[in-house]
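Start counting the sequence shown at 1198; every next residue gets the next number (my numbering).
A quick write-up on the structure given underneath.
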Amino acid sequence: MSGGIGPINDITLAREEPHEQDVSNAALKTTKTPPSTRRRSLSPLHIITLSVAVVLSASGMVSAEDVAFVLFSMIYTYVMSKLVFPPTSPSSKPPFGEKNRILGLYALVAGVIGLFLPIAYILEGIFEGDKEGMKAAAPHLFLVSSQVFMEGVAYSANLSMLAFAFVPISNNSKRIFTIVEWLRSEFSKRGCVWRKRGEIVCRESSRSY
């Protein structure tokens, strides 16, 4: 009896060892495969805005200061994302996903007001020969186009939320000054003067606002 017990135990152990190895290999495979961190690439809108920014900068209607500001903000955002605010986890999901309706509505309204209306204004200036109006609106459109492109790059590069937030904050702060200059140009074409205190005086009607 003792001679038959030994081979039976050996056979069962021999059958269990490959099963245990398969389980351990499957566990290693599941732990080695990281979660998918793939983000969407640049959309056609980002490529269009980059083209608009390049055309405006090459046309001479944008000052060298605005071009230098955009280049500096790109470099600063990259350095800040690597040294100061690196992403906490490569698999972290953005707090505002692509299916967020409020974010989509905001992007639509901001795109119409910030992009398409200035483009239509510049196209109207080309047909009417309004060089002063085109030159006044070009810096605003250049900064908006650069901002949209940089936001697309920051999102596809999986930057942290703090580094991503620097892009709209810096560009919007700079764009306030270009909007003020644009308004001054529009009022000056109609014979109005914008004083330092915010008072608008029109010479033709002798009225102040």
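Note that the Cβ used here is the ideal one computed from N, Cα and C, for glycine as well.
My guess is that residue i and residue j are in contact by the Cβ rule of under 8 angstroms, so how many angstroms apart are they, rounded?
i	j	result
His1337	Ile1366	Their Cβ separation, rounded to whole angstroms, is 17 angstroms, which puts His1337 and Ile1366 out of contact at 8 angstroms.
Ala1307	Trp1379	That belief does not hold up - the Cβ atoms of Ala1307 and Trp1379 are roughly 17 angstroms apart, past 8 angstroms.
Ser1382	Gly1330	7 angstroms
Mind checking which residues open and close the alpha helix (DSSP H) that includes residue i?
i	result
Phe1266	Ala1261 to Val1276
Met1358	Met1358 to Lys1386
Leu1320	Leu1314 to Glu1325
Helix, strand or coil: how does DSSP classify residue i here?
i	result
Phe1282	coil
Leu1239	coil
Ala1354	coil
Met1347	helix
Gly1257	coil
Count the other CB atoms within 10 Å of the CB of residue i; is the residue buried (16 or more) or exposed (fewer)?
i	result
Val1249	buried
Ala1362	exposed
Asn1369	exposed
Ile1319	buried
Tyr1352	buried
Leu1302	exposed
Pro1315	buried
Val1276	exposed
Ser1238	exposed
Lys1332	buried
Lys1386	exposed
Ser1256	exposed
Glu1371	A small correction: the amino acid at residue 1371 is Lys; Glu does not occupy that position in the sequence shown. The residue in question, Lys1371, is buried, as its Cβ has 16 or more Cβ neighbours within 10 Å.
Val1267	buried
Val1309	exposed
Val1345	buried
Phe1339	buried
Does chain C have any CB closer than 8 angstroms to the CB of residue i?
i	result
Ala1334	Going by chain labels, chain C is absent from the structure shown, which holds only one protein chain.
For residue i, verify whether its CB is less than 7 angstroms away from any heavy atom of the ligand MG.
i	result
Pro1315	The ligand MG is absent from the structure shown, which contains no ligand whatsoever.
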